[in-house]
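Chemist:
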Amino acid sequence: MTHIKQLSELGLFDARVPRYTSYPTAPHFAGGLPDGTFSTWIEQIPAESAISLYLHVPFCRRLCWFCACRTQGTSSDAPVLAYAETLKAELELFRAKLPRGVRLSRLHWGGGTPTMLPAPVMREIAALVFDIAPLTEDGEFSVEIDPNEIDEARLDALAEAGMNRASIGVQDFDPEIQGIIGRDQSFEITKTTADALRARGIQSLNADILYGLPNQSQRRIADSIQKLLSLNPDRIALYGYAHVPWMARRQQMIPSDTLPRPEERLELFETARRLLIWDGYDEIGIDHFARPHDGLAKAARAGRLRRNFQGYTDDSAPILVGLGASSISRFPQGFAQNVSGTAQWKKAVEAGQFATARGHAFTPADLWRGRAIEALMCDFSLSISELTNSFGADKAELQRLIDRAILRFGAFVKPTADGLEITTEGRPLTRMIAAIFDEYAMDKAGHSSAV
């Protein structure tokens, strides 16, 4: 019996499971939080501590058909400028509640396309953020860069503001595939952007690339990976394309019959994975790769790898505050998410209120189950002693779940003296194994393919 056949019999190629960038996952935030909870949680941040801050800019010059993010297209700068003014007002609300001496271990601007912001506005927002909470000595300021929506002035503004890590979305360099997914971005313009970033002293470069795209073949993904390797990014996220046209209507533009079968998706991933490892990258979790010198690789080796809404991270801050429409915050007490619509978000902020629309306050079980899932996703193992001593896990329930995983996945997992470990051959099953520790009802229609 082949490895692929075993994976198939375990349901890998039919399963839809969460990516587990949070626990509980975002669909379970619908219950909401009492009024004022978000403000209270900010006020309870320890003075002099370090936190992470995420700013969301939900605009794009054009909408890529593959994307399932909450974004809106605009050919005019007017809504972007208006949004920036409201974001600055939200930052002032944040300042008013934030305890003294708090600093930032991470600042990330995402979207959408944050590089749609004009250079003067970039400078204003960065200056305001750092006036509220400066970076720690080893802090990172990262920005998602669209090579089609950047110029010298904006690059200068970001570099001068202190950006020290940039993230470039690639997806695929094949022109035919780009045409099908609505994402025209040549290798030449991507290289020009990478070179311009490095010329400004920004040496830490991330890149995202997708497998499972329409008409993608092993030859084509190998060609895209080799082009990407010529740019020598420090980190690479190799994400599986999630085709969910019932949730992201723009994906209806992509013909379903052009998509690779699940078995072919695994072959595409393995082709890319082998090339990245051959080029010297460390494999990080289920879908990231990093140069050995990079902080992500160091965190993985030291057992300090974590997972959040941007994927894998080496950020140790226990608090992530998200500002902007649809942004999600994580506190030790739970999750809080802003309203998704920019009009509703703007109305709340202009009224002097945070725009929290949904959230979830952690139960004791959420904490140990969430850590169990994170440990499996990051380290491919979990420790009974860690979960019981540090997170108050119910030892009997935990052992029952471990036994269930062993029974369900057989030789792909193995018991250890202090818990459970996923074998190297079983790593494609990681999200399915993690789901055993998830006590919330799972709507498969709302999740992506397990491979």
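Numbered according to this note's numbering, the sequence shown spans residues 180 to 630.
C-beta: ideal position from N, C-alpha, C; glycine also.
Bear in mind that the values here come from a model prediction, so they are computed numbers and not experimental data.
(1) Using the C-alpha atoms, what's the distance from G210 back to H539?
(2) Could you pull the start and end residues of the beta strand (DSSP E) that I324 belongs to?
(3) Can Y460 and R470 be called in contact, C-beta distance under 8 Å?
(4) Do G571 and F588 have their C-beta atoms closer together than 8 Å?
(5) Which parts of the stretch 363-435 are runs of the alpha helix (DSSP H), unbroken and 4 residues or longer, counting only runs that do not cross its ends?
(6) Just verifying my parser: in three-state terms, what is the DSSP assignment at Y199?
(7) Could you round the C-beta distance between W244 and Q430 to whole angstroms and report it? I think they count as a contact, below 8 Å.
(8) Considering Cα atoms alone, identify which of S396, S569, D436 and E339 is closest to F352.
(9) In the DSSP assignment, the beta strand (DSSP E) including R485 goes from what residue to what residue?
(10) On the DSSP bridge list, what partners appear for Q516?
(11) Kindly indicate the opening and closing residues of the alpha helix (DSSP H) around T265.
(12) Assuming the contact rule is C-beta atoms closer than 8 Å, F559 and I601 should be a hit. Round their C-beta distance to whole Å, please.
(13) Measure the CB-CB distance between D466 and Y418 and report whether it falls below 8 Å.
(14) Check whether the stretch 493-512 and the stretch 437-449 touch, using three or more Cβ-Cβ pairs below 8 Å as the test.
(15) Would you please state the rounded distance, in angstroms, between the beta carbons of T294 and I329? I believe it to be under 8 Å.
(16) Using alpha carbons as the reference points, say which of I498, A554 and G549 lies closest to A478.
(17) So for P297, helix, strand or coil by DSSP?
(18) Taking the beta carbon of D590 as the centre, do at least 16 other beta carbons fall within 10 Å, making it buried, or is it exposed?
(19) Could you please give the first and the last residue of the uninterrupted beta strand (DSSP E) stretch that includes S231?
(20) Can you look up Q532 in the DSSP assignment and give me helix, strand or coil?
(21) Do you know how far the Cα of A421 is from the Cα of A247?
(22) Tell me where the alpha helix (DSSP H) around E442 begins and ends.
(23) So is P412 buried or exposed if we call it buried at 16+ other beta carbons inside 10 Å?
(24) With respect to the alpha helix (DSSP H) encompassing V474, which residues constitute its N-terminal and C-terminal limits?
(25) Just confirm the distance between the C-beta atoms of A229 and R195, as a whole number of angstroms; I'd bet it's less than 8 Å.
(26) So F515 packs on T535, CB below 8 Å; how close in whole Å?
(27) Would you be able to state if there are at least three C-beta pairs under 8 Å between the stretch 307-321 and the stretch 273-280?
(28) Is the distance from the Cβ of S409 to the Cβ of I388 below 8 Å?
(29) Taking Cβ positions, are R249 and P237 nearer each other than 8 Å?
(30) Going by C-alpha distance, which of S284, D325, T216 and P299 is nearest E227?
(31) Can the beta-carbon of L599 be found less than 8 Å from the beta-carbon of L561?
(32) Taking a contact to mean a Cβ-Cβ separation below 8 Å, would you say K525 touches T253 in this structure?
(33) Pop quiz: G318 and H235 are said to be a contact at Cβ under 8 Å. What is the actual Cβ separation, rounded to whole angstroms?
(34) For I648, count neighbouring Cβ atoms within 10 angstroms of its own Cβ and tell me buried if that reaches 16, exposed if not.
(35) Buried or exposed for W220, going by 16 or more other Cβ atoms inside 10 Å?
(36) With distances taken from CA atoms, which of A613, L475 and R302 is nearest S201?
Modeler: By the coordinates alone:
(1) The residue given as residue 539 occupies position 360 in the sequence shown. The residue given as residue 210 occupies position 31 in the sequence shown. Answer to the nearest angstrom: the Cα atoms are 7 Å apart.
(2) Translated into positions along the sequence shown, residue 324 becomes position 145. Looking at the DSSP string, the run of the beta strand (DSSP E) that includes I324 is L314 to I324.
(3) Here residue 460 is taken as the residue at index 281 of the sequence shown, counted from 1. Here residue 470 is taken as the residue at index 291 of the sequence shown, counted from 1. Result yes, Cβ atoms of Y460 and R470 sit closer than 8 Å.
(4) In the sequence shown, counting from the first residue as 1, residue 571 sits at position 392. In the sequence shown, counting from the first residue as 1, residue 588 sits at position 409. Contact flag unset, no.
(5) 366-378 and 397-408
(6) Within the sequence shown, numbered from 1, the residue matching residue 199 stands at position 20. Looking at Y199 - three-state DSSP - the assignment turns out to be coil, as it is neither helix nor strand.
(7) Within the sequence shown, residue 244 is the residue found at index 65, counting from 1. Within the sequence shown, residue 430 is the residue found at index 251, counting from 1. Going by Cβ atoms, the distance from W244 to Q430 rounds to 6 Å, so yes, they are a contact pair.
(8) Position 173 of the sequence shown holds residue 352. F352 has its Cα closest to that of S396, out of S396, S569, D436 and E339.
(9) For the purposes of this step, residue 485 is taken as the residue at position 306 of the sequence shown. Per DSSP, R485 belongs to the beta strand (DSSP E) from R485 to N487.
(10) Within the sequence shown, the letter at position 337 stands for residue 516. Note: Q516 sits in a beta bridge opposite I507 and R537.
(11) What you label residue 265 is simply residue 86 of the sequence shown in a count that begins at 1. T265 -> alpha helix (DSSP H) spans A257 to K276.
(12) Taking the sequence shown and counting its residues from 1, one reaches residue 559 at position 380. Taking the sequence shown and counting its residues from 1, one reaches residue 601 at position 422. Their Cβ separation, rounded to whole angstroms, is 4 Å, which keeps F559 and I601 in contact under 8 Å.
(13) If you number the sequence shown from 1, residue 466 lands on position 287. If you number the sequence shown from 1, residue 418 lands on position 239. For D466 and Y418, yes; Cβs fall inside 8 Å.
(14) no
(15) Taking the first residue of the sequence shown as 1, we reach residue 294 at position 115. Taking the first residue of the sequence shown as 1, we reach residue 329 at position 150. Between I329 and T294 the Cβ distance is about 5 Å, and since that is below 8 Å, they are a contact.
(16) Counting from one through the sequence shown, the residue named residue 478 turns up at place 299. Per the Cα distances, A554.
(17) In the sequence shown, residue 297 corresponds to position 118, counting from 1. Correct three-state label for P297: coil.
(18) As a first step, residue 590 must be located in the sequence shown, where it is residue number 411. The question names Asp, but residue 590 in the sequence shown is Ala. Exposed, by the Cβ-count rule.
(19) Residue numbering aside, residue 231 sits at position 52 when the sequence shown is read from its first letter. Note, S231: beta strand (DSSP E), A229 to V236.
(20) Numbered from 1 along the sequence shown, position 353 holds the residue referred to as residue 532. Reduced to three states, the DSSP call for Q532 is coil.
(21) By 1-based counting over the sequence shown, the position of residue 247 is 68. By 1-based counting over the sequence shown, the position of residue 421 is 242. Computed Cα separation, rounded: 8 Å.
(22) Along the sequence shown, one-based indexing puts residue 442 at 263. Where E442 is concerned, the enclosing alpha helix (DSSP H) stretches over P441 to W457.
(23) The residue given as residue 412 occupies position 233 in the sequence shown. Buried, because 16 or more other Cβ atoms sit within 10 Å of the Cβ of P412.
(24) One-based indexing of the sequence shown puts residue 474 at position 295. Note on residue identity: the sequence assigns Gly, not Val, to residue 474. Counting along the chain, the alpha helix (DSSP H) containing G474 begins and ends at G474 to A481.
(25) Your numbering for residue 229 matches position 50 in the sequence shown. Your numbering for residue 195 matches position 16 in the sequence shown. In fact, because the Cβ distance is near 36 Å, the residues do not count as touching under 8 Å.
(26) Taking the sequence shown and counting its residues from 1, the one referred to as residue 515 is at position 336. Taking the sequence shown and counting its residues from 1, the one referred to as residue 535 is at position 356. Note on identity: in this sequence residue 515 is Ala, with Phe being the wrong assignment. Going by Cβ atoms, the distance from A515 to T535 rounds to 5 Å, so yes, they are a contact pair.
(27) yes
(28) The sequence position of residue 409 within the sequence shown is 230, counting from 1. The sequence position of residue 388 within the sequence shown is 209, counting from 1. Not a contact, by the Cβ cut-off of 8 Å.
(29) The sequence position of residue 249 within the sequence shown is 70, counting from 1. The sequence position of residue 237 within the sequence shown is 58, counting from 1. Yes.
(30) The residue labelled residue 227 in the question sits at position 48 within the sequence shown. Per the Cα distances, S284.
(31) Residue mapping note: residue 599 aligns to position 420 of the sequence shown, counting from 1. Residue mapping note: residue 561 aligns to position 382 of the sequence shown, counting from 1. Yes. Within cutoff.
(32) Counting from one through the sequence shown, the residue named residue 525 turns up at place 346. Counting from one through the sequence shown, the residue named residue 253 turns up at place 74. Against a cut-off of 8 Å, the Cβ pair of T253 and K525 comes out as no contact.
(33) As a position in the sequence shown, residue 318 is number 139, starting the count at 1. As a position in the sequence shown, residue 235 is number 56, starting the count at 1. Incorrect: roughly 19 Å between the Cβ atoms, too far for contact.
(34) The first residue shown for the chain is 180 and the last is 630, placing residue 648 beyond what the model contains.
(35) The residue given as residue 220 occupies position 41 in the sequence shown. By the neighbour-count rule (16 or more Cβ atoms within 10 Å), W220 is buried.
(36) As a first step, residue 201 must be located in the sequence shown, where it is residue number 22. Of A613, L475 and R302, the residue nearest in Cα terms is A613.
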